[in-house]
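Report on the following structure.
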Amino acid sequence: MPDDTSPREIHPHSALSTRVFGAIEHDHIRPHSSLHFLMREWVIWAVAALALVLGAMATALTIYIAGASQFIEESIERSSLDVWFQMVPMFWLLLIAIGIYYTAHAVRETKRGYRYNPGWVVSGALGLSIALGYAVHLAGASEYIDNRLLESVPLYQPLTAFKPAQWMKPNAGVLAGVIESVATDTIEIRSLDGDVHTITLTPDTNVLKPALMREGMPVRVEGTTTEPDGEIIFTARVVGPFMGRGGRMHAPGQPRHERQQVRNADTDGVKENNRPERTNERHSEE
Amino acid sequence: MQCPDQRDEELMARVPNERELLGCLIDRYEEKLRRYLRRIMPGLGDECDDVLQEIFLKLYVNARGYDPELPFSSWLYRIAHNEAVSWLRKKQARPQTVDLGEDDIHTFGESFDESRTHTEATLARDEVARVLAELSDIHRTVLVLRYLEGKSYEDISDILAVPPGTVATLIHRAKKSFSTKHHDHHA
Chain Z
2 MPDDTSPREI
12 HPHSALSTRV
22 FGAIEHDHIR
32 PHSSLHFLMR
42 EWVIWAVAAL
52 ALVLGAMATA
62 LTIYIAGASQ
72 FIEESIERSS
82 LDVWFQMVPM
92 FWLLLIAIGI
102 YYTAHAVRET
112 KRGYRYNPGW
122 VVSGALGLSI
132 ALGYAVHLAG
142 ASEYIDNRLL
152 ESVPLYQPLT
162 AFKPAQWMKP
172 NAGVLAGVIE
182 SVATDTIEIR
192 SLDGDVHTIT
202 LTPDTNVLKP
212 ALMREGMPVR
222 VEGTTTEPDG
232 EIIFTARVVG
242 PFMGRGGRMH
252 APGQPRHERQ
262 QVRNADTDGV
272 KENNRPERTN
282 ERHSEE
Chain R
38 MQCPDQRDEE
48 LMARVPNERE
58 LLGCLIDRYE
68 EKLRRYLRRI
78 MPGLGDECDD
88 VLQEIFLKLY
98 VNARGYDPEL
108 PFSSWLYRIA
118 HNEAVSWLRK
128 KQARPQTVDL
138 GEDDIHTFGE
148 SFDESRTHTE
158 ATLARDEVAR
168 VLAELSDIHR
178 TVLVLRYLEG
188 KSYEDISDIL
198 AVPPGTVATL
208 IHRAKKSFST
218 KHHDHHA
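If you read the protein sequences in the order shown, they are chains Z and R. Each number in our numbering corresponds to the 1-based position in the first sequence with 1 added. Each number in our numbering corresponds to the 1-based position in the second sequence with 37 added.
And the structure:
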């Protein structure tokens, strides 16, 4: 319908006009300032950006934590579904969903945002989260964030299904900890709960990264436990660096300066073809 | 004082600093909005002026937030739609009919039934009003905007703040719902 733009007298006494202007005067109604609307737009875009960052960080942590489950799946032959349910970080998946929701909601609240197909907005938010999250993960930030949270926030462990206990089951053939000493056919490990375990190596033992088998390095071990003559012997099938979740955590009781040594150990440029130094002395368990 | 010979968008840009120009916009749109409100709000009755007052007050308060790229008419109808939704939510009992004018039935019948599938049963004004009142608020709104107010899909998209694709879907479903209820009345 065309607008009626012919000049007309303003009818100050038309009933509706009188009511409207009367209400404006009586209630001292004034138009919102331009700053009010500018701030609203800024807040909307800030919420969208923060939600996107949250989604990206959650994506990065999810990629990292899900990847850390590979050792369990490969080495102890548990079903993929079983491992997935234990390791999948529901906490971060929930944050991804929240981040995507608020990003999409904020976009639709902008001046022209309502014109976009909601499906495309959500897909775009998801795609951006994944892309940014993957970039964050490649930069190594996800492992750093995860370890800092594991060390500093007690609630984070149960929320993200991090179970150090699953790495402290020598009777089930799973163990992780820091190498205390290396001998010809044994290594001693101080596990995450502070106990010292002697691990027997055989010619069939698969040592994943020999160069990193030295004192102070965090390792994970999978094998079998036997009790001939009442003595518990843990024979390793696979030994590898513990680079997964908690791999850079300190062992209970470990002095602070040693924690830093552990963290720096695999960045010292140790070459793959270096044989680990092994002592011929066995250290007795404490 | 005479109302300037300017487009609505130009007048709206001046309203924050020249309050009296609000009267020009009220003058231009009062009757259009009054008819629109009566078409989409069953049982509005004497409260129509209250709702209209609220609409124009909101227009004034948000004057500096008006986006000139959006047609003024669409922006005003959006405010009116939001006020109507608020009013309908507060209303407990719903009368069984909306208020349609004498010409509305011809306008509605001609544009709604392009395929002439309803020629056997002539659309009577009372029937249309009753069936419209029985529809959901959103279905009634899109049918009124499209077939009585003559709004394009893009206009309706701006008024309801939904994607144009959603408008097409809503209109399709609203027509289906209208036809079903109209058929039920004749069964």
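Even for Gly, the Cβ is constructed at its ideal location relative to N, Cα and C.
For this session: Given a cut-off of 7 angstroms, decide if His-138 of chain Z and Ala-237 of chain Z are closer than it, judged by their beta-carbon atoms.
Result: Here residue 237 of chain Z corresponds to residue number 236 of the first sequence, with the count starting at 1. Here residue 138 of chain Z corresponds to residue number 137 of the first sequence, with the count starting at 1. In this structure, Ala-237 of chain Z lies away from His-138 of chain Z, with their beta-carbon atoms at least 7 angstroms apart.
Exercise. Which class does Pro-79 of chain R belong to by DSSP, given the choice of helix, strand or coil?
Worked result: In the second sequence, counting from the first residue as 1, residue 79 of chain R sits at position 42. Coil at Pro-79 of chain R, not helix or strand.
Exercise. Taking Cβ to Cβ, would you say Val-179 of chain R is nearer than 7 angstroms to Phe-215 of chain R?
Worked result: Numbered from 1 along the second sequence, position 142 holds the residue referred to as residue 179 of chain R. Numbered from 1 along the second sequence, position 178 holds the residue referred to as residue 215 of chain R. In this structure, Phe-215 of chain R does not lie closer than 7 angstroms to Val-179 of chain R by Cβ.
Problem set entry | Closer than 7 angstroms to chain Z by CB, Arg-101 of chain R | As a first step, residue 101 of chain R is located in the second sequence; it is residue number 64 there, counting from the start. Arg-101 of chain R counts as touching chain Z.
Exercise. Taking three-plus beta-carbon pairs below 8 angstroms as touching, is the stretch 43-63 of chain Z in contact with the stretch 74-83 of chain R?
Worked result: Cβ pair count under 8 angstroms is below three, so no.
Exercise. If Tyr-103 of chain Z and Val-48 of chain Z are in contact, beta carbons under 8 angstroms, what's the gap, nearest whole angstrom?
Worked result: Within the first sequence, the letter at position 102 stands for residue 103 of chain Z. Within the first sequence, the letter at position 47 stands for residue 48 of chain Z. About 6 angstroms separates the beta carbons of Tyr-103 of chain Z and Val-48 of chain Z, which is inside the 8 angstroms limit, making them a contact pair.
Exercise. In chain order, which beta strand (DSSP E) runs of at least 3 residues are fully inside the stretch 166-242 of chain Z?
Worked result: Every beta strand (DSSP E) stretch that sits fully inside the stretch 166-242 of chain Z and reaches 3 residues is listed by chain position as 175-183, 187-192, 197-201, 219-227 and 234-242.
Problem set entry | C-alpha gap between Phe-93 of chain R and Ala-170 of chain R, whole angstroms | Numbered from its first residue, the second sequence carries residue 93 of chain R at position 56. Numbered from its first residue, the second sequence carries residue 170 of chain R at position 133. Taking the CA atoms as reference points, Phe-93 of chain R sits about 26 angstroms from Ala-170 of chain R.
Exercise. Start and end of the alpha helix (DSSP H) containing Tyr-117 of chain Z?
Worked result: Numbered from its first residue, the first sequence carries residue 117 of chain Z at position 116. No alpha helix (DSSP H) holds Tyr-117 of chain Z; DSSP gives it neither H nor E.
Exercise. Count the other CB atoms within 10 Å of the CB of Gly-254 of chain Z; is the residue buried (16 or more) or exposed (fewer)?
Worked result: Taking the first sequence and counting its residues from 1, one reaches residue 254 of chain Z at position 253. Residue confidence is low: Gly-254 of chain Z scores 45 on pLDDT, short of 50, so the model does not pin down where it sits. Its coordinate-derived value is still stated next. It is exposed - the Cβ of Gly-254 of chain Z has fewer than 16 other Cβ atoms within 10 Å.
For this session: Ignore the nearest five residues each way along the sequence and tell me which others in Leu-129 of chain Z's own chain have a CB closer than 7 angstroms to its CB.
Result: Counting from 1 along the first sequence, the entry for residue 129 of chain Z is found at position 128. These residues qualify, in order along the chain: Leu-53.
Exercise. Between R:Asn-99, R:Asp-104 and R:Arg-210, which lies nearest to Thr-111 of chain Z when the distance is taken from Cα to Cα?
Worked result: Here residue 111 of chain Z corresponds to residue number 110 of the first sequence, with the count starting at 1. Minimum Cα-Cα distance from Thr-111 of chain Z among the listed residues R:Asn-99, R:Asp-104 and R:Arg-210 corresponds to R:Asp-104.
Exercise. So, do the stretch 173-182 of chain Z and the stretch 209-222 of chain Z have three or more beta carbon pairs nearer to each other than 8 angstroms?
Worked result: Flag = yes, the stretch 173-182 of chain Z and the stretch 209-222 of chain Z touch.
Exercise. Which bits of chain Z does Glu-67 of chain R rub up against, with CB to CB less than 7 angstroms?
Worked result: Looking up residue 67 of chain R in the second sequence gives position 30. Under a criterion of Cβ atoms nearer than 7 angstroms, the residues of chain Z adjacent to Glu-67 of chain R are, in order, Leu-17.
Problem set entry | Closer than 7 angstroms to chain Z by CB, Ala-198 of chain R | Stepping through the second sequence from its first residue, residue 198 of chain R is reached at position 161. Taking 7 angstroms as the threshold, the shortest C-beta distance from Ala-198 of chain R to chain Z falls below it.
Exercise. So Pro-201 of chain R is in the alpha helix (DSSP H); what residue range does that whole segment cover?
Worked result: By 1-based counting over the second sequence, the position of residue 201 of chain R is 164. 201-223 is the extent of the alpha helix (DSSP H) around Pro-201 of chain R.
For this session: Return no unless some Cβ of chain R is closer than 7 angstroms to the Cβ of Ile-11 of chain Z.
Result: Within the first sequence, residue 11 of chain Z is the residue found at index 10, counting from 1. With a pLDDT of only 47 at Ile-11 of chain Z, under 50, the local geometry of the prediction cannot be trusted, and the value read off the model is given with reservation. With 7 angstroms as the cut-off, Ile-11 of chain Z counts as an interface residue toward chain R.
Problem set entry | Contacting residues, own chain, Cβ-Cβ under 8 angstroms from Asp-163 of chain R (five flanking each side not counted) | Looking up residue 163 of chain R in the second sequence gives position 126. Excluding positions up to five away in sequence, the list reads Thr-134.
For this session: Run down chain Z in chain order and give the residues with a C-beta less than 8 angstroms from the C-beta of Gly-82 of chain R.
Result: To locate residue 82 of chain R, count along the second sequence from 1; it is residue 45. One finds nothing in chain Z with a Cβ atom closer than 8 angstroms to the Cβ of Gly-82 of chain R; even the nearest lies about 16 angstroms away.
For this session: Report the neighbours of Pro-201 of chain R on chain Z: residues whose CB is nearer than 8 angstroms to its CB, in chain order.
Result: One-based indexing of the second sequence puts residue 201 of chain R at position 164. By Cβ distance, chain Z contributes Arg-116.
Problem set entry | Cα-Cα separation between Lys-213 of chain R and Asp-221 of chain R, rounded to whole angstroms | Along the second sequence, read from residue 1 onward, the residue named residue 213 of chain R stands at position 176. Along the second sequence, read from residue 1 onward, the residue named residue 221 of chain R stands at position 184. The straight-line gap from Cα to Cα measures roughly 12 angstroms.
Problem set entry | Counted within 10 angstroms of its Cβ, other Cβ atoms place Gly-231 of chain Z as buried (16 or more) or exposed | To locate residue 231 of chain Z, count along the first sequence from 1; it is residue 230. Classification for Gly-231 of chain Z: exposed.
Exercise. Taking 7 angstroms as the CB-CB limit, is Arg-20 of chain Z close to chain R?
Worked result: Reading the first sequence from its first residue, position 19 is the one you call residue 20 of chain Z. Yes, Arg-20 of chain Z lies at the interface with chain R (some Cβ there is under 7 angstroms from its Cβ).
Problem set entry | For Gln-43 of chain R: DSSP bridge partner residues | If you number the second sequence from 1, residue 43 of chain R lands on position 6. Under the DSSP definition of a beta bridge, Gln-43 of chain R lacks any partner.
Problem set entry | Residues near His-118 of chain R in its chain [Cβ-Cβ closer than 7 angstroms; skip 5 each side] | Here residue 118 of chain R is taken as the residue at index 81 of the second sequence, counted from 1. Only residues of its own chain outside the window of five on either side were considered, and among them Thr-178, Ile-196 and Leu-197 have a CB closer than 7 angstroms to the CB of His-118 of chain R, listed in chain order.
Exercise. Counting along the chain, where does the alpha helix (DSSP H) carrying Cys-103 of chain R start and finish?
Worked result: One-based indexing of the second sequence puts residue 103 of chain R at position 66. One detail in the question is off: residue 103 of chain R reads as Tyr in this sequence, not Cys. Note, Tyr-103 of chain R: premise wrong, no alpha helix (DSSP H); not H, not E.
Exercise. Roughly how many angstroms lie between the CA atoms of Glu-55 of chain R and Ala-100 of chain R, to the nearest whole one?
Worked result: If you number the second sequence from 1, residue 55 of chain R lands on position 18. If you number the second sequence from 1, residue 100 of chain R lands on position 63. Between Glu-55 of chain R and Ala-100 of chain R, the C-alpha separation is close to 11 angstroms.
Problem set entry | Three-state secondary structure assigned by DSSP to Ser-15 of chain Z | Here residue 15 of chain Z refers to the residue found at position 14 of the first sequence. DSSP places Ser-15 of chain Z outside both helix and strand once states are collapsed to three, so it counts as coil.
For this session: Using beta-carbon positions only, say whether Gly-174 of chain Z and Thr-225 of chain Z come within less than 7 angstroms of one another.
Result: In the first sequence, residue 174 of chain Z corresponds to position 173, counting from 1. In the first sequence, residue 225 of chain Z corresponds to position 224, counting from 1. Yes. Within cutoff.
Exercise. Does the Cβ of Thr-203 of chain R have 16 or more other Cβ atoms within 10 Å, making it buried, or fewer, making it exposed?
Worked result: For the purposes of this step, residue 203 of chain R is identified with residue 166 of the second sequence, where counting begins at 1. Under this definition Thr-203 of chain R is a buried residue.
Exercise. If you measure from the beta carbon of Ser-35 of chain Z to each beta carbon in chain R, is any gap under 7 angstroms?
Worked result: As a working note, residue 35 of chain Z is residue 34 in the first sequence. For Ser-35 of chain Z, a Cβ of chain R is located within less than 7 angstroms of the residue's own Cβ.
Problem set entry | Cut-off 7 angstroms between Cβ atoms - residues of its own chain near Thr-206 of chain Z, not counting five sequence neighbours on either side | Taking the first residue of the first sequence as 1, we reach residue 206 of chain Z at position 205. Answer for Thr-206 of chain Z: Ala-237, Arg-238 and Val-240, listed in chain order.
Exercise. Does any CB atom of chain Z fall closer than 7 angstroms to the CB of Val-88 of chain R?
Worked result: Position 51 of the second sequence, counting from 1, holds the residue named residue 88 of chain R. Between Val-88 of chain R and chain Z, the shortest Cβ-Cβ separation is not below 7 angstroms.
For this session: Could you pull out every residue in the same chain whose Cβ sits closer than 6 angstroms to the Cβ of Phe-109 of chain R, ignoring the five residues on either side in sequence?
Result: Reading the second sequence from its first residue, position 72 is the one you call residue 109 of chain R. Cβ within range, chain order: Asp-45, Glu-46 and Met-49.
Exercise. Between the beta-carbon of Val-181 of chain R and the beta-carbon of Arg-76 of chain R, is there less than 7 angstroms?
Worked result: Stepping through the second sequence from its first residue, residue 181 of chain R is reached at position 144. Stepping through the second sequence from its first residue, residue 76 of chain R is reached at position 39. For Val-181 of chain R and Arg-76 of chain R, yes; Cβs fall inside 7 angstroms.
For this session: Taking a Cβ distance cut-off of 7 angstroms, strictly less, list which residues of the stretch 102-130 of chain R are near chain Z, in chain order.
Result: Answer set for the stretch 102-130 of chain R: Gly-102 and Asp-104.
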